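In what follows, a structure is listed as structure tokens, so that the remarks can point back to it.
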Amino acid sequence: MTLATAPGKLILCGEHAVVYGRPAIALPLSGVRARASVDPGPPGSGIRLHAPALGRSWSLAEAPDDPFSELVAALVARCSPACAPDFEVVITSDIPIASGMGSGAAIATALVRAVAGHLGAELSAAEISALVYGSERRFHGTPSGIDNTVVAFERAVWFVRTKNRERENSEPENRERENSEPENRGRENREPGEQGGSGFSLLGSATVEPVAIGAPLTLLIGDSGVRSETRLPVGEVRRRWAAEPARYEALFDAVGAVVARVRAALASGDRAELGRLLDENQALLQEIGVSSPELDRLVAAARGAGALGAKLSGAGWGGVMIALVDDERREAVRAALLEAGAARVLETVVA
Ligand code: MEV
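Right, here's the structure in full:
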């Protein structure tokens, strides 16, 4: 059997604006993971996938258009083009679906790692990230690429979606369409790496840099218990941006400025400043229209119990929020979140 895992993720700041070319910071959640195991199947049985938690079991032949089937088919074509392998994959995950913790990217990453391992192929984190991005596109339409990146690299990342260099060589009619893509419109003068810092990798259409953490930080993660598919708020933000581009571009610029200050506060270990910035980001997310009464209630409860700052994390309308806490207030904030209706409270230390 070949077994592989992948972590969940948290967006610390910058969600939604990151789809439109502004920076965001994401953290891996190593304590909650998706797993995939691959066993050889009888000759001629083809490829089968089982996801017991989803109540799903299917073969590639039966469901070739399923995004995970397509991912496995792409991988087989890449790693083992000459043969038609027979194997069974079982997918499990600790990460609640549609919770803002990157369940889809984690499952796809574990799947890619396990299948590649089974086929004897060694893929770099960048290759895995690129393959998973393809399946994220199938689920979400216009993902920025931050989820697959933080999950595949499993480290804190500063991420900026940039114009795809390959597009510059594309046909004029394609260029016209691409100029209406969120990350391109109004961003013609921005170049990869423009935000500064020393890049450790430029992944085709994104600048990805490590994030320095000056002092360990404890985050509590409050799950609203409301499940919300990423594509719904992302689609709504796109409609609003198309209807009021100037207003939304200004909101995204404001988010980008907060994210740059978060990076500096992380590097200097200034927790008080970081808390204030998380609050500022939450106010902007409310204006963008992706918070919810449940998330607002949890954010208010965390602040009321002494959190240094709190905001929703991920696409919003449901899923999780995060609260930055110090050791003295941690248990009080946890209790307040549960009292305010959190379905569960997780904890992660960013170090
Ligand atoms: C989802 O984790 C983060 C969003 O910004 C969408 C994306 O970046 O693809 C809401």
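Okay, so the sequence shown: first residue is 1 according to the numbering used here, each after it adds one. Yeah, the Cβ is synthetic: ideal placement off N, Cα and C, and Gly gets one too. As the structure is a prediction and not an experimental result, all values here were calculated from the model.
Using the beta-carbon count (16 or more within 10 Å), is residue i buried or exposed?
{"i": "A24", "result": "buried"}
{"i": "S324", "result": "Checking the sequence, you will find Leu at residue 324 rather than Ser. Buried, by the Cβ-count rule."}
{"i": "I97", "result": "exposed"}
{"i": "S103", "result": "buried"}
{"i": "L1", "result": "Correcting the residue type first, residue 1 is Met in the shown sequence and not Leu. M1 comes out exposed."}
{"i": "R239", "result": "exposed"}
{"i": "A156", "result": "buried"}
{"i": "R113", "result": "buried"}
{"i": "E124", "result": "Looking at the sequence shown, residue 124 is not Glu but Ser. Flag for S124 reads exposed."}
{"i": "E347", "result": "exposed"}
{"i": "C13", "result": "buried"}
{"i": "R187", "result": "Per-residue confidence for R187 stands at a pLDDT of 38, beneath the threshold of 50, marking its modelled position as unreliable; the derived number appears in the next sentence. Classification for R187: buried."}
{"i": "V234", "result": "buried"}
{"i": "E209", "result": "buried"}
With respect to the alpha helix (DSSP H) encompassing residue i, which residues constitute its N-terminal and C-terminal limits?
{"i": "I128", "result": "A125 to H140"}
{"i": "C79", "result": "P67 to C79"}
{"i": "W58", "result": "Note, W58: premise wrong, no alpha helix (DSSP H); beta strand (DSSP E) at R56 to S59."}
{"i": "A4", "result": "Not the alpha helix (DSSP H): A4 falls in the beta strand (DSSP E), residues T2 to C13."}
{"i": "V19", "result": "Per DSSP, V19 belongs to no alpha helix (DSSP H) and is neither H nor E."}
{"i": "A152", "result": "I146 to F153"}
At a threshold of 8 Å, does residue i count as lining ligand 1 (C-beta to nearest heavy atom)?
{"i": "T207", "result": "no"}
{"i": "G21", "result": "no"}
{"i": "G134", "result": "no"}
{"i": "P233", "result": "yes"}
{"i": "T142", "result": "yes"}
{"i": "K369", "result": "Since the first residue of the chain shown is 1 and the last is 351, residue 369 is not available in this structure."}
{"i": "T109", "result": "no"}
{"i": "A315", "result": "yes"}
{"i": "V255", "result": "no"}
{"i": "E236", "result": "no"}
{"i": "I146", "result": "yes"}
{"i": "G102", "result": "yes"}
{"i": "A125", "result": "no"}
{"i": "H16", "result": "yes"}
{"i": "A24", "result": "yes"}
{"i": "T162", "result": "no"}
{"i": "T92", "result": "no"}
{"i": "T348", "result": "no"}
{"i": "T230", "result": "yes"}
Taking the beta strand (DSSP E) that residue i belongs to, which residues open and close that run?
{"i": "I322", "result": "V320 to V325"}
{"i": "I97", "result": "I97 -> no beta strand (DSSP E), and no H or E assigned at all."}
{"i": "D361", "result": "Nothing can be reported for residue 361, as the shown portion of the chain is limited to 1 through 351."}
{"i": "G357", "result": "The structure shown does not extend to residue 357, since the chain is modelled only from 1 to 351, so the question has no answer here."}
{"i": "S37", "result": "A24 to P40"}
{"i": "A63", "result": "Neither: A63 is in no beta strand (DSSP E) and is coded neither H nor E."}
Who are the Cβ neighbours of residue i in its own chain at under 8 Å, not counting the five residues just before and after it?
{"i": "G134", "result": "E70, L71 and A74"}
{"i": "S180", "result": "No answer about S180 holds up, because its pLDDT of 48 lies below 50 and its placement is not dependable."}
{"i": "P43", "result": "D86"}
For residue i, which residues from the same chain have a beta carbon less than 7 Å from its beta carbon, with the 5 sequence-adjacent residues on both sides left out?
{"i": "V18", "result": "A24, S144, I146, F159 and R161"}
{"i": "S59", "result": "G46, I47 and R48"}
{"i": "A272", "result": "L308"}
{"i": "S99", "result": "D223, R227, G319 and V320"}
{"i": "G306", "result": "R329, A332 and V333"}
{"i": "E280", "result": "V258"}
Spatial neighbours of residue i within its chain, please: C-beta separation below 6 Å, excluding the five flanking residues on both sides.
{"i": "R165", "result": "Here the model assigns R165 a pLDDT of 40, short of 50, so the residue's position is not dependable, and the following value carries that caveat. Nothing listed; no residue qualifies."}
{"i": "A267", "result": "A212 and G214"}
{"i": "G269", "result": "G214 and A215"}
{"i": "H50", "result": "S57 and V90"}
Would DSSP call residue i helix, strand or coil?
{"i": "V290", "result": "coil"}
{"i": "W241", "result": "helix"}
{"i": "G235", "result": "helix"}
{"i": "P52", "result": "helix"}
{"i": "N174", "result": "Only weak support exists for where N174 lies, its pLDDT of 39 falling under 50; the coordinates are left without a value."}
{"i": "T230", "result": "coil"}
{"i": "E209", "result": "strand"}
{"i": "R161", "result": "strand"}
{"i": "S93", "result": "strand"}
{"i": "E328", "result": "coil"}
{"i": "L284", "result": "helix"}
{"i": "E122", "result": "coil"}
{"i": "A310", "result": "strand"}
{"i": "E88", "result": "strand"}
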